[in-house]
Amino acid sequence: MKLQHALGGLENLGPVSLETRVFVQDWEKRIFGIHTVMMAESAHLAEALPKYAMATLPTTFKDTWTWASLRTGAEGMQPFEYFKFRYYEKWLMGISQFFVDEGYITTQELVWWTAHYRVQPDAPLPERPSEPIKRQVVDYLLHGDSSLRPLPHPPRFEVGQTVQVADPAAADHTRLPGYLRNKKGTVREVYPGAFEYFCSTGPDGLEGPMPVYRVAFDARDIWGPDLCEPNTTIYADLFEVYLQCRTPEEEKTP
Numbered sequence: 003m004k005l006q007h008a009l010g011g012l013e014n015l016g017p018v019s020l021e022t023r024v025f026v027q028d029w030e031k032r033i034f035g036i037h038t039v040m041m042a043e044s045a046h047l048a049e050a051l052p053k054y055a056m057a058t059l060p061t062t063f064k065d066t067w068t069w070a071s072l073r074t075g076a077e078g079m080q081p082f083e084y085f086k087f088r089y090y091e092k093w094l095m096g097i098s099q100f101f102v103d104e105g106y107i108t109t110q111e112l113v114w115w116t117a118h119y120r121v122q123p124d125a126p127l128p129e130r131p132s133e134p135i136k137r138q139v140v141d142y143l144l145h146g147d148s149s150l151r152p153l154p155h156p157p158r159f160e161v162g163q164t165v166q167v168a169d170p171a172a173a174d175h176t177r178l179p180g181y182l183r184n185k186k187g188t189v190r191e192v193y194p195g196a197f198e199y200f201c202s203t204g205p206d207g208l209e210g211p212m213p214v215y216r217v218a219f220d221a222r223d224i225w226g227p228d229l230c231e232p233n234t235t236i237y238a239d240l241f242e243v244y245l246q247c248r249t250p251e252e253e254k255t256p
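Position 168 of the sequence shown, counted from 1, bears residue number 170 in the working numbering, the numbering being contiguous throughout.
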């Protein structure tokens, strides 16, 4: 996992922000809106469980954009840049780089428009109203993009079973929190059906539909008794590929 992600348990990272507002500044709402519209127009919705009429949607956006795309864009940032910028600034950088990489805008055009609005912040924005796209966005917000699939095989683990979190090869993107690697936990829930992530994570092993489990961890087993409050339980929803059976030797470990 990259340095700037899954920071649980790391020390000396500076003060923790206690900000509770979702949007601190108005421009952050616009970035969230751009991301939402991109997801509502994403090409992968043609295969989603809710039926979207992607073939007739009047949009020039023909690529796939999901939460995985947004996370990958942030994870691709240089670590020191990542720590320097605010939450939605990271979104903006990932989205901007995507549009440049896919040829929707050139770097030079992006620089020009940035300078244009910096000098004239009240200049009107391009507006291309489209009722079909507005309806598509509303439909997407109401129905989402379910990734629930039929089970490819019965779940390997059951409620109450002690499991060991895997330590897969490092990948550019993962859904496994780094601080849970090699930790033991107890399965508390087996979610019905199977879930498929938006993209393959390569050596990380996350590919195709699979069961997902709610696993409970004693905080002392993660950070040690001196670094956590007593009687604290950490819960994590984990794909089956990230879990292993405990070996007899591991079962002897308290």
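Cβ coordinates follow ideal geometry from the N, Cα and C atoms, glycine included.
Between which two residues does the alpha helix (DSSP H) containing residue 221 stretch?
From DSSP, the alpha helix (DSSP H) with residue 221 extends over 221-225.
Buried or exposed: which applies to residue 187, given that a residue is buried once 16 or more other Cβ atoms fall within 10 Å of its Cβ?
Residue 187 should be labelled buried.
Alpha carbon to alpha carbon, how far is residue 168 from residue 3? Give it in angstroms, no decimals.
Caution applies to residue 3, whose pLDDT of 44 falls short of 50 and renders its modelled position unreliable; the model cannot decide the point.
Contact between the segment 224-240 and the segment 144-162 is defined here as three or more beta-carbon pairs at a separation below 8 Å; is this criterion met?
Output reads no: the segment 144-162 does not touch the segment 224-240.
Indicate whether residue 207 and residue 151 have their beta-carbon atoms separated by less than 8 Å.
Contact flag unset, no.
Beta-carbon of residue 36 versus every beta-carbon of chain B: anything under 8 Å?
Here chain B cannot be found, since the structure has a single protein chain.
What residue from 193, 93, 90, 210 has the CA that sits closest to residue 154's CA?
The candidate whose alpha carbon is nearest that of residue 154 is 210.
Decide yes or no for the touch test of the segment 29-42 against the segment 63-70: beta carbon pairs closer than 8 Å, at least 3 of them.
Yes, the segment 29-42 touches the segment 63-70.
Sorted by chain position, which residues of the same chain lie with C-beta nearer than 7 Å to residue 189's C-beta, five sequence neighbours on each side aside?
Contacts found: 159, 160, 161, 162, 163, 165, 215, 217.
Measuring CA to CA, which of 191, 192, 205, 193 is closest to residue 177?
Comparing Cα-Cα distances from residue 177 to each of 191, 192, 205, 193, the minimum goes to 205.
According to DSSP, is residue 1 helix, strand or coil?
Within the shown structure, residues of the chain are numbered from 3 to 256, placing residue 1 beyond reach of any answer.
Roughly how many angstroms lie between the CA atoms of residue 83 and residue 76, to the nearest whole one?
Taking the straight line joining both Cα atoms gives about 10 Å.
Since residue 246 sits in a beta bridge, which residues does DSSP pair it with?
DSSP, once it has assigned bridges, lists 166 as partnering residue 246.
Name the one or two DSSP bridge partners that residue 151 has.
Looking at the DSSP assignment, residue 151 forms a beta bridge with 196.
If you follow the alpha helix (DSSP H) that residue 22 is in, where does it begin and where does it stop?
Neither: residue 22 is in no alpha helix (DSSP H) and is coded neither H nor E.
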